[in-house]
Amino acid sequence: MFCMQCGQEVHQEARFCHGCGTAIKPQALGAECEVATPRAFAQYAGFWYRALALLIDWVLANILGMLVVLPLSFVLGMTMVGQEPEVIAGAGALLGIVMGTAVFWLYVTVFEASGWQATPAKRMLGLRVTDADGQRIGFGRANARYWSKILSAMTLYIGFLMVAFTERKQGLHDMVASTLVVRPALQ
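Residue numbers (the working numbering): 4 to 190.
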């Protein structure tokens, strides 16, 4: 049985709701009565919320990536004095690709597996990444979710667009990793 005022579940014999203090009126079986359902605490995060979070995270991760890659590039350049310019350029490009990928992978995976359950941008927007039961995901599942985004991209980005059209607002990568992205329900 639920409180008609706040939606809190109450015991059958309760006289008052322990959530809001409202008096509980007993209803006779078979009598016309109002139906109360518990309030939703979260709803699925849609495409535009997630796209905005991705854009903000991309900027933040690139700043972080530059803080990591620029000093390494300087050291690499110093060790390659006297090499052909093409060799130096190739080594620099390889360093940028490898380190950029590693920084973004760790940025997303570590934050989503953390107690925050979200990257900084998702957290700013009130979004959380959960498993199907609403619980925190571990590093393994966050890792699977991250690398499954390659599949979402390989399908001409349809895997990402699925977020706009699926019932639980899941992209292909969410389905592969059995994850949900939720935001607080509007009260």
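In this text, a Cβ means the ideal position worked out from N, Cα and C, and glycines have one as well.
Between R126 and T182, the CB-CB gap reaches or exceeds 7 Å. DSSP places A45 within a strand segment (E or B) once states are collapsed to three. Contact between R144 and A94 does not hold, since their C-beta atoms are separated by about 35 Å, which reaches or exceeds 8 Å. If the five residues before and after Q120 are omitted, its C-beta is found closer than 8 Å to the C-beta atoms of R131, V132, T133, R139, I140, all from its own chain and listed in chain order. Around the beta-carbon of L75, fewer than 16 other beta-carbon atoms lie within 10 Å, marking it exposed.
For the set L98, Y160, A135, the Cα lying nearest the Cα of M69 is the one of L98. The C-beta separation of L154 from L175 comes to about 6 Å, placing the pair in contact by the 8 Å criterion. Within the stretch 121-169, the complete beta strand (DSSP E) segments at least 3 residues long are 131-134, listed from N- to C-terminus. Each of Y47, M102, Y52, A92 was checked against the Cα of N65, and the nearest Cα belongs to M102.
The beta-bridge partner set that DSSP reports for P187 consists of A45.
In this structure, V106 lies near L67, with their beta-carbon atoms less than 7 Å apart. For T182, the secondary structure class from DSSP, reduced to helix, strand or coil, is strand. Around the CB of V84, fewer than 16 other CB atoms lie within 10 Å, so the residue is classed as exposed.
DSSP places A56 inside the alpha helix (DSSP H), whose first and last residues are 50-82. A straight-line Cα-Cα distance of about 52 Å links V185 and Q86. T112 and T82 have their C-alpha atoms some 32 Å from each other. Out of T122, A45, S151, the CA that lies nearest to the CA of L58 is found in T122. Going by C-alpha positions, L109 is about 30 Å away from E89.
Here DSSP, grouped into helix, strand and coil, assigns E87 to coil.
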